[in-house]
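This report concerns only the one structure given below.
Protein chains: 2
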Amino acid sequence: MNAIAYLDQHFPHFEQGLKEQIAAHCTVRQISAGERLIQTGQYFRSTMLVTEGRLKLYREGEEGDEFFMYYLLPGDACALSMVCASRPHPASEIMAKAIEDSVVLMIPLQLMESLMQEFKSWYSFVVETYRSRFEELLQIVDQVLFKALDERLVIYLEHQQKALGSPQLQLTHQEIANDLNSSREVISRLLKKLEQQKKLVLHRNYIEILPG
Amino acid sequence: MNAIAYLDQHFPHFEQGLKEQIAAHCTVRQISAGERLIQTGQYFRSTMLVTEGRLKLYREGEEGDEFFMYYLLPGDACALSMVCASRPHPASEIMAKAIEDSVVLMIPLQLMESLMQEFKSWYSFVVETYRSRFEELLQIVDQVLFKALDERLVIYLEHQQKALGSPQLQLTHQEIANDLNSSREVISRLLKKLEQQKKLVLHRNYIEILPG
DNA sequence: CGCCCTGTGTGATCTGGGTCACTGTACTTC
DNA sequence: GAAGTACAGTGACCCAGATCACACAGGGCG
Numbered sequence: 001m002n003a004i005a006y007l008d009q010h011f012p013h014f015e016q017g018l019k020e021q022i023a024a025h026c027t028v029r030q031i032s033a034g035e036r037l038i039q040t041g042q043y044f045r046s047t048m049l050v051t052e053g054r055l056k057l058y059r060e061g062e063e064g065d066e067f068f069m070y071y072l073l074p075g076d077a078c079a080l081s082m083v084c085a086s087r088p089h090p091a092s093e094i095m096a097k098a099i100e101d102s103v104v105l106m107i108p109l110q111l112m113e114s115l116m117q118e119f120k121s122w123y124s125f126v127v128e129t130y131r132s133r134f135e136e137l138l139q140i141v142d143q144v145l146f147k148a149l150d151e152r153l154v155i156y157l158e159h160q161q162k163a164l165g166s167p168q169l170q171l172t173h174q175e176i177a178n179d180l181n182s183s184r185e186v187i188s189r190l191l192k193k194l195e196q197q198k199k200l201v202l203h204r205n206y207i208e209i210l211p212g
Numbered sequence: 001m002n003a004i005a006y007l008d009q010h011f012p013h014f015e016q017g018l019k020e021q022i023a024a025h026c027t028v029r030q031i032s033a034g035e036r037l038i039q040t041g042q043y044f045r046s047t048m049l050v051t052e053g054r055l056k057l058y059r060e061g062e063e064g065d066e067f068f069m070y071y072l073l074p075g076d077a078c079a080l081s082m083v084c085a086s087r088p089h090p091a092s093e094i095m096a097k098a099i100e101d102s103v104v105l106m107i108p109l110q111l112m113e114s115l116m117q118e119f120k121s122w123y124s125f126v127v128e129t130y131r132s133r134f135e136e137l138l139q140i141v142d143q144v145l146f147k148a149l150d151e152r153l154v155i156y157l158e159h160q161q162k163a164l165g166s167p168q169l170q171l172t173h174q175e176i177a178n179d180l181n182s183s184r185e186v187i188s189r190l191l192k193k194l195e196q197q198k199k200l201v202l203h204r205n206y207i208e209i210l211p212g
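From first to last, the protein sequence lines are chains A and B.
Going by UniProt numbering, the residue at position 179 of the first sequence is 179; the numbering climbs one at a time, nothing skipped.
Going by UniProt numbering, the residue at position 206 of the second sequence is 206; the numbering climbs one at a time, nothing skipped.
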């Protein structure tokens, strides 16, 4: 599948000319499940549009802790690759990992400015991407600040359900603990509590969210 | 003082035409010390440029908790007013408070897009503002996530010193506790510890940061 | 001067959640 | 089917930080 076809499929609201320009200059990159896309401490040289698969975006702490922030799904752009990219900068401090085989279009940064000026739909897309990531980040800030772990866990599970599009979540307790920067035992206990409250059922290797 | 004069003083890198356009459409707003500028739950209708004074920007939790995020100083723009503004949106969930008598230029949102297209210096300014606030927010996230309170307090004090431009910080322990979403007693104890480490001297109503 | 009010110091206690040390249970591989 | 290897459950313990309950100091003001 070529760049234009991907763009048609996941970015249908882009003008034709915009799609052509992107296609002419971008490179299509395949990422296999488990692979890391952005490494902490690495420069950006391109903006990324996700067209296939599912990526998880993490914030990395200094001691190698990883904290899950959000998913990138087809049709999404990595706001960070736009933002941090805009000028040379020491370290990105974020990390993206593909959890499925994925495809991203890499748009060289130099193109950004002219696309912004030439195409209204690109301008709005970029601004909207900024806006929504910014807001997401704000959400994260006050979850971490103001909410206890049990509440954060519930929100996390809801997120997963939405992003994965299924009430069966293929997650181990250990993974959840990593994503929330907590520990397995604590997550196990909290999950058990939620099970008792009939909000979910625990199985081996997956969790079933009950509706309601 | 009129808008052009303010712009000349604090935004000298703007093109002349840009300054004129802004001056022609913005309104100059005076805010007195202690006044709140943005209320949680309120829509934005303009982007703000700070030209005088000092504003503190808070994130508000659901139960009325306030968490200090950063200062807005002359020459700064409120990234949030750009971001959230870009489309009607339920609630801002952030709050700005003037700690000195301040002046801001309010630029109507409709102007944004044409300014972006017409003026390179405006485009870079906006992108750079996004970038730096985004990064600040990321810093905040991992401070809160990965650092203990004593370390966060040190960072906070450094911030204050930089933003206020003086090693005498006119802050009560209670204020600091509010800003860090902690409690007075804990802050008092930690400050005492820092005093014992000769990093600062505690006085009534102000804290003196020792160099080094 | 005594009164009050704001800011500060300090101990006692409580609790969420992290850590340690296990046990138990499925599933895989040979 | 035995052994090894993820995953999951559970108790005991610890600690940062919150909360409570004070006591006290300085500064204004009648």
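All C-beta atoms, glycine included, are put in the ideal place defined by N, C-alpha and C.
Expressed to the nearest angstrom, what Euclidean distance is found between the alpha-carbon atoms of residue i and residue j?
i	j	result
tyrosine 6/B	threonine 51/B	6 Å
leucine 111/B	glutamate 118/B	11 Å
valine 141/B	isoleucine 94/A	12 Å
arginine 189/A	glutamine 160/A	19 Å
glutamine 170/A	isoleucine 207/A	7 Å
methionine 82/A	tyrosine 123/B	14 Å
serine 46/B	glycine 17/B	20 Å
serine 114/A	glutamate 158/B	39 Å
leucine 164/A	valine 154/A	15 Å
serine 166/B	lysine 19/B	32 Å
Looking only at C-alpha atoms, which of the options sits nearest to residue i?
i	options	result
serine 183/A	Lys97/A, Gly212/A, Asp150/A and Pro74/A	Asp150/A
proline 211/A	Leu194/A, Phe134/A and Arg204/A	Leu194/A
residue 217/A	Ile31/A, Glu93/A and Val126/A	Residue 217/A cannot be examined here, being either before or after the span of chain A that is shown, 1 to 212.
alanine 24/A	Tyr123/A, Glu15/A and Ala3/A	Ala3/A
methionine 1/B	Glu62/B, Val104/B, Ile207/B and Leu164/B	Val104/B
valine 186/B	Ser166/B, Gln161/B and Ala148/B	Ala148/B
residue 217/B	Leu138/A, Val154/A and Gln170/A	An answer regarding residue 217/B cannot be provided, because it is not within the stretch 1 to 212 covered by chain B.
lysine 162/B	Ile22/B, Leu73/B and Gln21/B	Leu73/B
proline 108/B	Thr172/B, Gln21/B and Ile209/B	Gln21/B
tyrosine 156/B	Phe11/B, Ile209/B and Lys19/B	Ile209/B
Does the Cβ-Cβ distance between residue i and residue j come in under 8 Å?
i	j	result
methionine 48/A	methionine 116/A	no
glycine 53/B	aspartate 101/B	yes
alanine 96/A	arginine 36/A	yes
tyrosine 71/B	glutamate 136/B	no
asparagine 181/A	aspartate 76/A	no
isoleucine 99/B	alanine 177/B	no
alanine 79/A	threonine 27/A	no
aspartate 179/A	phenylalanine 68/A	yes
For the putative contact between residue i and residue j, defined by C-beta atoms under 8 Å, what is the C-beta separation to the nearest angstrom?
i	j	result
glutamate 62/B	phenylalanine 134/A	So it is not a contact: roughly 19 Å between Cβ atoms.
lysine 152/A	glutamine 143/A	In the sequence as displayed, the identity of residue 152/A is arginine instead of lysine. So it is a contact: roughly 5 Å between Cβ atoms.
Within its chain, find whatever has a CB closer than 6 Å to the CB of residue i; leave out the 5 residues flanking it on each side and keep chain order.
i	result
arginine 29/B	Val104 and Met106
glutamate 15/A	Phe119 and Ser121
glutamine 168/B	Tyr206 and Glu208
Here's a check: name, in chain order, each residue in its chain whose Cβ is nearer than 8 Å to the Cβ of residue i, leaving out the five neighbours to either side.
i	result
lysine 192/B	Leu202
isoleucine 31/A	Leu37, Gly53, Leu55, Ala98, Asp101, Ser102, Val103 and Val104
asparagine 205/A	Gln170 and Thr172
leucine 200/A	Leu157, Leu191, Leu194, Ile207, Glu208, Ile209 and Leu210
Note down, in chain order, each residue of its chain lying with its Cβ closer than 7 Å to the Cβ of residue i, except the 5 sequence neighbours on either side.
i	result
glutamine 197/A	none
glutamine 174/A	Arg184
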